[in-house]
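In full-length UniProt numbering, the protein residues as written are 1 to 151.
A virtual CB, placed ideally from N, CA and C, is assigned to each residue, including glycine.
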Amino acid sequence: MDEKHDHRAMFSSERGHDGFVERSRRIKMAAEMGLARSSRGRHWSRALRRRLLRRKGATSGGSCGCKDDSSSSSKAVEELGVGENEDDAVEVEARVHALQRLVPGGEELGVERLFEETADYIEALQGQVSAMRALACLLDELERDKRVMGG
């Protein structure tokens with residue numbers, strides 16, 4: 001079996017490992033670009049597109065032109081009306097901050113808009129997972145058929 005088709009050979013040399021890492025990076029970038037294109041007009045998709053362009057070395061000119069609602073998770077706690085119990089407020093602030101980091105461009109959003117963008121982002125991710133599962137099943141079937149046919 002030649003090195004091109006032997007998965008173990010991929011990890012046996014530094015060049016093979018570098019090739020695997022580069023291939024993985026390209027697959028991730030393609031998946032993220034597809035995700036960004038799936039929801040044009042959403043804040044998170046524009047933020048994801050800007051991040052991808054920066055990774056490729058291009059500059060996007062900075063802001064997407066969106067109003068900076070709030071980058072402060074403590075302001076978000078006030079918007080939610082959590083303030084009577086300081087422990088609860090700290091917990092909510094930490095969770096809002098975590099959510100702001102998870103959703104592309106979330107750091108720029110107030111809590112209400114953050115929740116809207118989060119819901120849309122989750123929906124897009126679910127669609128992407130479904131598409132990838134379907135692709136994996138198709139590739140599995142092709143591989144199985146190839147073995148049955150003797151190839």
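Query                                                                                                       : Result
R49 versus G150: straight-line alpha-carbon distance, rounded                                               : 44 angstroms
Inter-residue Cα distance where the pair is E91 and E143                                                    : 49 angstroms
Which of helix, strand or coil DSSP assigns to G105                                                         : coil
Classification of G65 by the beta-carbon crowding that lies within 10 angstroms, buried from 16 upward      : Unreliable placement is indicated for G65, whose pLDDT of 46 sits below 50; no coordinate value is reported for it.
For L139 and R133, the rounded distance between their alpha carbons                                         : 10 angstroms
Whole-angstrom distance between E107 and K146, CA atom to CA atom                                           : 48 angstroms
Alpha helix (DSSP H) segment containing R42, residue limits                                                 : No alpha helix (DSSP H) contains R42, which DSSP labels as neither H nor E.
Proximity to V129 [Cα-Cα], best of Q100, L35, L114 and A47                                                  : L35
Outcome for V148 when other beta-carbon atoms lying within 10 angstroms are tallied against a minimum of 16 : exposed
CA-to-CA distance, A124 to W44, given in whole angstroms                                                    : 11 angstroms
E32 versus D87: straight-line alpha-carbon distance, rounded                                                : 37 angstroms
The stretch 17–24 touching the stretch 100–119, judged by at least three CB pairs closer than 8 angstroms   : no
Whole-angstrom C-beta distance between S38 and G110, which should lie under 8 angstroms                     : Their Cβ separation, rounded to whole angstroms, is 24 angstroms, which puts G110 and S38 out of contact at 8 angstroms.
Coil, strand or helix - K56 by DSSP                                                                         : coil
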